[in-house]
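Each remark here refers to the structure printed beneath this line.
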Amino acid sequence: MKKKAFQLMLAMILSLLVVGCSSNSENEESTGGDETASGETGEESIHYLSTNNASGGEVPVYVDQTEEKTDYELDIETVPQTDLVQKIQLLSASNDLPEAFDFESGKPLQELIDADAVLDVEKAFKEIGIYENLNPGAVDLLKRLSGGKGLYAVPTELNLEGFWFNKQIFEEHGIEVPTTWDEMLNAAETLHENGVQPFAVAGKEKWPITRLINAYVMRYYGVEAMEKVSRGELDITDEGFVEAANQVKSMADNGYFGKGANTLDADAAVDMFLQGQAAMYYMGTWAIADFHNEDRNQIGVDNIGFFNVPTVEGGVGTLDEYNMNAGLIVAFSKDKYDDKMKEWIEAVFSDYGDRAMQDLGLITGFNVNEMPEDISPLTKLISEEIDNVTNGALWFEANFDARTKQIAEDNAQLLISDSIDPEVYMSELAKEIE
Amino acid sequence: MQRVLRDKRAILLFILPSLVIYFAAVLVPTVWSIGYSFFEGSPVRGFTFIGLNNYLDIFSDRQFLNSFWLSIKYAVFVTTGQVFLGLVLAIFYVLVLKRFSVLIRTLIFFPIVLPAVAVAQLFSKLFEITPQLGLVNSILSSLNLDMWVQAWLGSGDSAFWVIVIMDIWRSMGFYAVLLYAGLIDIPEDLLEAARLDGANGIKLSRFVIIPMIRPILISAIIFSLNGTLKVFESVVALTNGGPGTSTSMLTVYMYHSAFAYNEYGYGSTVAVFLLILCLIVTLFIYKFSRKDVD
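First to last, the protein sequences are chains F and W. If you read the first sequence in this note's numbering, its first letter stands for residue 1, the second for the next number, and so on. If you read the second sequence in this note's numbering, its first letter stands for residue 1001, the second for the next number, and so on.
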């Protein structure tokens, strides 16, 4: 009997060891599979760490350009956006940055610039002779984001942010495009009463919530609100900030974000909007790529409208000011910049603006030399909006360090799940900003 | 043989390889990490010595205290659940299913074979609310219990319980098998005698079975506590500490501090506290069990 028990124990421990090992190696495979590929990046391939896969975002342009114009192969490693900064920082710490990578402009990039790890894009582009292709406005925006350190990233996107809406749903419920915050809330109430979810909000990603807070803030205090906070000219616990958090919280409490917004990821949120399950969707113009995807867009491109963040009562913001950003930028490892990379950069970025516009209808930080004739209505709409822009605001966390950013985003989830009050939200942030 | 083993040099030769590995893989990183806790900075920015500041700051860090409390709460509930349900299952195997328990045993053991990430995916679908209702919400909704339909993973309290349920479900089979091994070791005549004396079901378990397997039970508790205090992958995979920070246990907070906030020193300080916590708990139980065995 004893022997049997012993054998059983032994068998169990052995099986556990096997299980332990196998699940480990499995994990390693799933995350590290790409890494092995990248580790072996030979002369013929270029390692690009992206938040998209080969068919997402603007990546198809890189893939096509690489295939058409070079002998190299583009080796794409995909990481979730939430892990991006962390992953790049680790790679940078071990001196193994990928040749090209997506990254967040703002504080994270500034750290890499200080560590002398990323390529000076202005210098490189001038040397290659493609600097003139960059849109000066986008260059300004990126330089502002790098804290005046220079241009260390490529503006592969130039985005406005605002509310996309489903024209058909608006019409059915007799809703006019709102120009003031109250009008927007009234519209939401009407929709909610009629059983239509007013907003699709990807709360799982966290930042879509803080964008809404920021939307109110930039209308109340104007486009430089968050920069003033970081310079110490404005106190983030002031009434306008608290009111912004309060507005977003009460939108959630009223059910305008539907049930379980905190569990909705970006893909699910955009699908919700594109399947007509939600009437409005706050997002940047990068979402146009998804809107153009016919498999996903069931409401039709013609059915999507856009309105700028509405003005708020007592606020100084106006409708010709927009929330803007350069999206995730692309940066390059300084160490790994060589003739091969030079050739690749020239191949991909010499006519990047035109290609992104033609192939994906994307508006980028590059000049478009020839506007395609069959331009999509959405792209046309946004091109026109961009002409209206007099001033741009950065996003909520643009000037926060990693910890403050995390707290802003984590607490935003708590704010809309009714766990903390608007005052607490802002005072927690104030503590970190100090 | 005797002579060889008495030779100090021979002993040294035998244990040296494992000692070197242990030293390099366990002790050095531990000491290194403790060293980091006196510094501020990151590999990108560089490090500066700040003495005991991290240790002073940590006690006024609401997030740390919250994580500390969460870790303890989680460990208590999950260990209790795992070991208790494991025991119930083991007794069930032995007393009720007897020789036919193989299939059930395998089925209940099965989840521990699955990677935590896969289990977390499974549970996030089970408790889903949007874009479509998951199994749990569908059942509630079809039973007309619509007020219970909610975003289980969308608010801190319920998300915590989902993690607890998931981890109990995942590893109770393991503890059941562990305890089962002890149970089948109890001589049949002893059980027979107890039955003749009129002990049945609960009484039999309480006064005969549990005292007989006490040493194994205590090992199981140590195993479980150490595992649950250091829980990481199932939390990261299911909620990543969210919503907000409401399921961010010490390990998750440590990870975020070091790798997301890029504060390696502070992350190491959290790790030191985790180390101390695990040590205290293990020593406590060890002492308790020693006394018991004697």
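C-beta atoms are modelled at their ideal positions from N, C-alpha and C, and glycine is treated no differently.
Q) Just by C-beta distance, which residues in the stretch 393–409 of chain F are closer than 7 Å to chain W? A) 402, 403 and 406
Q | Endpoints, beta strand (DSSP E) assigned at residue 47 of chain F | A | Residue numbering aside, residue 47 of chain F sits at position 47 when the first sequence is read from its first letter. Start and end: 45–50.
Q | Residue range of the unbroken beta strand (DSSP E) whose run includes residue 1042 of chain W | A | Position 42 of the second sequence, counting from 1, holds the residue named residue 1042 of chain W. Here the beta strand (DSSP E) through residue 1042 of chain W covers 1039–1042.
Q) Can you find a C-beta in chain F that's less than 8 Å from the C-beta of residue 1262 of chain W? A) Looking up residue 1262 of chain W in the second sequence gives position 262. So yes, residue 1262 of chain W belongs to the interface.
Q. Helix, strand or coil: which one does DSSP assign to residue 1282 of chain W?
A. On the second sequence, residue 1282 of chain W is found 282 positions in, with the first residue counted as 1. The answer is helix: DSSP assigns residue 1282 of chain W an H, G or I state.
Q. How is residue 163 of chain F classed by DSSP in three states: helix, strand or coil?
A. Working through the first sequence from its first residue, we reach residue 163 of chain F at position 163. When DSSP states are grouped into helix, strand and coil, residue 163 of chain F belongs to the strand group.
Q | Alpha-carbon to alpha-carbon, residue 285 of chain F and residue 382 of chain F | A | Taking the first sequence and counting its residues from 1, the one referred to as residue 382 of chain F is at position 382. Taking the first sequence and counting its residues from 1, the one referred to as residue 285 of chain F is at position 285. If you take the alpha carbons of residue 382 of chain F and residue 285 of chain F, they lie about 8 Å apart.
Q) Sorted by chain position, which residues of the same chain lie with C-beta nearer than 8 Å to residue 1051 of chain W's C-beta, five sequence neighbours on each side aside? A) Mapped onto the second sequence, residue 1051 of chain W falls at position 51. Within the same chain, and ignoring the five residues on either side of residue 1051 of chain W in sequence, the residues whose Cβ sits closer than 8 Å to its Cβ are 1038.
Q.
According to DSSP, simplified to helix, strand and coil, what is residue 142 of chain F?
A. Taking the first sequence and counting its residues from 1, the one referred to as residue 142 of chain F is at position 142. Per DSSP, reduced to three states, the secondary structure at residue 142 of chain F is helical.
Q: With distances taken Cα to Cα, identify the nearest neighbour of residue 343 of chain F among F/129, F/57 and F/117.
A: Stepping through the first sequence from its first residue, residue 343 of chain F is reached at position 343. For residue 343 of chain F, the nearest C-alpha among the options comes from F/129.
Q | Distance CB(residue 108 of chain F)-CB(residue 329 of chain F) smaller than 8 Å | A | Counting from one through the first sequence, the residue named residue 108 of chain F turns up at place 108. Counting from one through the first sequence, the residue named residue 329 of chain F turns up at place 329. Between residue 108 of chain F and residue 329 of chain F, the CB-CB gap reaches or exceeds 8 Å.
**Q.** Within the stretch 286–345 of chain F, ranges of the alpha helix (DSSP H) (whole runs, at least 4 residues)
**A.** For the stretch 286–345 of chain F, the continuous alpha helix (DSSP H) assignments of 4+ residues that do not extend past its boundaries occur at 288–291, in sequence order.
(Q) What does the Cβ neighbour count give for residue 306 of chain F, buried or exposed, with the cut at 16 atoms within 10 Å? (A) Indexing the first sequence from 1 puts residue 306 of chain F at position 306. Under this definition residue 306 of chain F is a buried residue.
(Q) When you compare the CB of residue 1208 of chain W with every CB in chain F, is at least one pair closer than 8 Å? (A) Here residue 1208 of chain W refers to the residue found at position 208 when the second sequence is read from its first residue. No, because no Cβ of chain F sits closer than 8 Å to the Cβ of residue 1208 of chain W.
Q) Looking at the unbroken beta strand (DSSP E) that takes in residue 280 of chain F, where does it start and where does it end? A) Your numbering for residue 280 of chain F matches position 280 in the first sequence. Run containing residue 280 of chain F: 278–284, per the beta strand (DSSP E) assignment.
Q: Run the CB neighbour count on residue 352 of chain F, radius 10 Å, all protein chains shown included, and call it buried at 16 or more, exposed below.
A: For the purposes of this step, residue 352 of chain F is taken as the residue at position 352 of the first sequence. By the 10 Å Cβ count, residue 352 of chain F comes out buried.
Q) Residues in the stretch 1039–1068 of chain W with C-beta within 9 Å of chain F's C-beta atoms, listed in sequence order? A) 1042, 1043, 1044, 1045, 1046, 1062 and 1063
Q) Hey, how far is the Cα of residue 1147 of chain W from the Cα of residue 210 of chain F? A) Position 147 of the second sequence, counted from the start, is the residue given in the question as residue 1147 of chain W. Position 210 of the first sequence, counted from the start, is the residue given in the question as residue 210 of chain F. In this model, residue 1147 of chain W and residue 210 of chain F are separated by some 29 Å (Cα to Cα).
**Q.** residue 1075 of chain W: contacting residues in chain F (beta-carbon distance under 7 Å)
**A.** What you label residue 1075 of chain W is simply residue 75 of the second sequence in a count that begins at 1. Result: empty, since nearest Cβ-Cβ is about 20 Å, beyond 7 Å.
Q.
With a threshold of 8 Å between beta carbons, is residue 1130 of chain W in contact with chain F?
A. Locating residue 1130 of chain W in the second sequence gives position 130, counting from the first residue. Closer than 8 Å to some Cβ of chain F, the Cβ of residue 1130 of chain W qualifies, so yes.
Q. What does residue 1153 of chain W touch in chain F if you count any residue whose Cβ is under 8 Å from its own?
A. The sequence position of residue 1153 of chain W within the second sequence is 153, counting from 1. Going along chain F in sequence order, the residues near residue 1153 of chain W (Cβ under 8 Å) are 260, 262 and 263.
**Q.** CA-to-CA distance, residue 314 of chain F to residue 225 of chain F, given in whole angstroms
**A.** Sequence index remark: in the first sequence, residue 225 of chain F carries index 225 (1-based). Sequence index remark: in the first sequence, residue 314 of chain F carries index 314 (1-based). Roughly 15 Å separates the two Cα atoms.
Q. When DSSP labels each residue in this structure, what does residue 267 of chain F get in the three-state scheme?
A. In the first sequence, residue 267 of chain F corresponds to position 267, counting from 1. Judged by DSSP in its simplified three-state form, residue 267 of chain F adopts helix.
Q) residue 290 of chain F: which of F/277, F/361, F/400 and F/206 sits nearest, CA to CA? A) For the purposes of this step, residue 290 of chain F is taken as the residue at position 290 of the first sequence. Closest by alpha carbon: F/361.
Q: In angstroms with no decimal places, state the Cα-to-Cα distance between residue 50 of chain F and residue 102 of chain F.
A: Within the first sequence, the letter at position 50 stands for residue 50 of chain F. Within the first sequence, the letter at position 102 stands for residue 102 of chain F. Between residue 50 of chain F and residue 102 of chain F, the alpha-carbon positions lie close to 5 Å from each other.
Q. Taking one C-beta from the stretch 191–199 of chain F and one from the stretch 354–368 of chain F each time, how about it: are there three or more such pairs within less than 8 Å?
A. no
Q | Members of the stretch 98–111 of chain F near chain W, C-beta cut-off 8 Å | A | 111
Q: Could you pull out every residue in the same chain whose Cβ sits closer than 8 Å to the Cβ of residue 427 of chain F, ignoring the five residues on either side in sequence?
A: By one-based count along the first sequence, residue 427 of chain F stands at place 427. Contacts found: 237.
Q: Give the DSSP-derived three-state secondary structure of residue 433 of chain F in the structure shown.
A: Counting from 1 along the first sequence, the entry for residue 433 of chain F is found at position 433. Helix, per DSSP.
Q | Proximal chain F residues relative to residue 1201 of chain W, where beta-carbon distance stays under 8 Å | A | If you number the second sequence from 1, residue 1201 of chain W lands on position 201. Residues of chain F passing the Cβ test: none, with the nearest at roughly 23 Å.
Q: Measure from the C-beta of residue 1242 of chain W to each C-beta in chain F and report whether the shortest distance is under 8 Å.
A: Here residue 1242 of chain W is taken as the residue at index 242 of the second sequence, counted from 1. Yes, its Cβ sits closer than 8 Å to a Cβ of chain F.
Q. What does residue 272 of chain F reach in chain W if we use C-beta pairs closer than 8 Å?
A. Taking the first sequence and counting its residues from 1, the one referred to as residue 272 of chain F is at position 272. Simply 1130 and 1131.
Q: Closer than 6 Å by C-beta to residue 1127 of chain W: which residues in its own chain qualify, once you throw out the five before and the five after it? Chain order, please.
A: For the purposes of this step, residue 1127 of chain W is identified with residue 127 of the second sequence, where counting begins at 1. The residues are 1134, 1136, 1152, 1153 and 1162.
Q) Where do the N-terminal and C-terminal ends of the beta strand (DSSP E) with residue 1150 of chain W fall, by residue? A) The sequence position of residue 1150 of chain W within the second sequence is 150, counting from 1. No beta strand (DSSP E) contains residue 1150 of chain W, which DSSP labels as neither H nor E.
**Q.** Backbone secondary structure at residue 198 of chain F - three-state DSSP
**A.** Here residue 198 of chain F corresponds to residue number 198 of the first sequence, with the count starting at 1. Strand at residue 198 of chain F.
**Q.** 8 Å Cβ cut-off: residues of chain F touching residue 1259 of chain W
**A.** Residue mapping note: residue 1259 of chain W aligns to position 259 of the second sequence, counting from 1. What residue 1259 of chain W touches in chain F: 86, 89 and 90.
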